Amino acid sequence: GLTDFTFAKSNSLESCKSRLMQQTAESENYYVTISQGIQESTLIVSSQLEDEVNAIFASEKKLSSKSGLSSITIQLDESNVEISGIYYYIFKKLAWVGINIVEVISTTNEFTIVVAEEDIDQSFSILMGLKKKRQGL
């Protein structure tokens, strides 16, 4: 149950993001991630927050929004930064079966893929298959 919003960069966008973070900070029941690019920012939030995001960001230029999404987070070994093509290998397997990756959120040793809810079971199955192959099962 996630929704993806993308807003154009503006002078007031940071204060909107701060208001959202303040309003959701007390609850552990919400998923909120914010990614800032050069010209735009993307928010991926629990779908229950759609109305709140629309209210807080009402004066901002919304570039897109998409609901009905789910995510899978994958933790990688610390050595992953030394492995060429690790993301290609994973994303290729998903692309081969026609799964569209809506967003990718990453840190050094983990990444989250966001896909349509109807693709989450198949995505999880493929990723678990890759894990089993790696473990030699």
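By this note's numbering, the letter at position 45 of the sequence shown is numbered 818, and the numbering carries on one by one without gaps.
Even glycine gets a Cβ: it sits at the ideal position worked out from N, Cα and C.
These figures come from a predicted structure and were not determined experimentally.
As a beta-bridge residue in DSSP terms, Q848 pairs with E883. Here the alpha carbon of V888 sits roughly 14 Å from the alpha carbon of S820. Excluding sequence positions up to five before and after T806, its CB lies within less than 7 Å of the CB of I817 and I878, all in the same chain and listed in chain order. The alpha-carbon separation between S791 and F864 amounts to approximately 32 Å. Here I893 is near S843, since their CB atoms are less than 7 Å apart. Sequence-distant partners of N882 (beyond 5 residues in either direction) whose C-beta falls short of 7 Å from its own C-beta, in its chain, are Q848, L849, E851 and N853. By the CB criterion at 7 Å, E813 and T776 fall outside the cutoff. Nearest Cα to E891 within the set M901, K834, G902 and V875: V875.
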